[in-house]
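Below is one structure, written out as structure tokens, with a few remarks after it.
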Amino acid sequence: MGQSGRERHRDRDPNRRELSDEEPVSSFRVFRISDQQRQEIAQALRYIDEARMALQEQQNPLNREIIRELRASADDIYTVVNELEEIDS
Numbered sequence: 076m077g078q079s080g081r082e083r084h085r086d087r088d089p090n091r092r093e094l095s096d097e098e099p100v101s102s103f104r105v106f107r108i109s110d111q112q113r114q115e116i117a118q119a120l121r122y123i124d125e126a127r128m129a130l131q132e133q134q135n136p137l138n139r140e141i142i143r144e145l146r147a148s149a150d151d152i153y154t155v156v157n158e159l160e161e162i163d164s
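Take the sequence shown: its position 63, counted from the start at 1, is 138 in the numbering used here, and no numbers get skipped.
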């Protein structure tokens, strides 16, 4: 299928973010997380862990990869949240 030559909507949207090679992404960005948000993340991690345990109890060999991925994902999220630095406002 050929191009019609017409400009697509996504091409003319002025608010569309574009990454530029001239502006490197800073690895030292600052984020704020409230205690409520931290609690919500902890609850989501508990749900992931409960789902993983339920799959383990089924003892289905087909679930092994899913169980591994659930454990690894929860561990990754936990690590990122715990490494967030506290900032004084």
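Heads up, the beta-carbon is just placed ideally off N, CA and C, and yes, glycines get one too.
Cβ-based burial, residue i [other Cβ within 10 Å; buried from 16]
| i | result |
| --- | --- |
| R121 | exposed |
Length of the line joining the Cα atoms of residue i and residue j
| i | j | result |
| --- | --- | --- |
| A148 | V155 | According to the sequence provided, residue 148 is Ser. The question's Ala does not apply to it. So the two alpha carbons sit approximately 11 angstroms from each other. |
| E144 | M128 | 13 angstroms |
| A117 | F103 | 24 angstroms |
| M76 | Q111 | Residue confidence for M76 is low, a pLDDT of 47 falling below 50, so the modelled location carries little weight and cannot support an answer. |
| E140 | Q114 | 28 angstroms |
Rounded Cβ spacing between residue i and residue j (contact assumed at less than 8 angstroms)
| i | j | result |
| --- | --- | --- |
| L159 | I108 | 6 angstroms |
Own chain partners of residue i with C-beta closer than 7 angstroms, once the 5 adjacent residues on each side are dropped
| i | result |
| --- | --- |
| Q131 | I142 |
| R146 | R127 |
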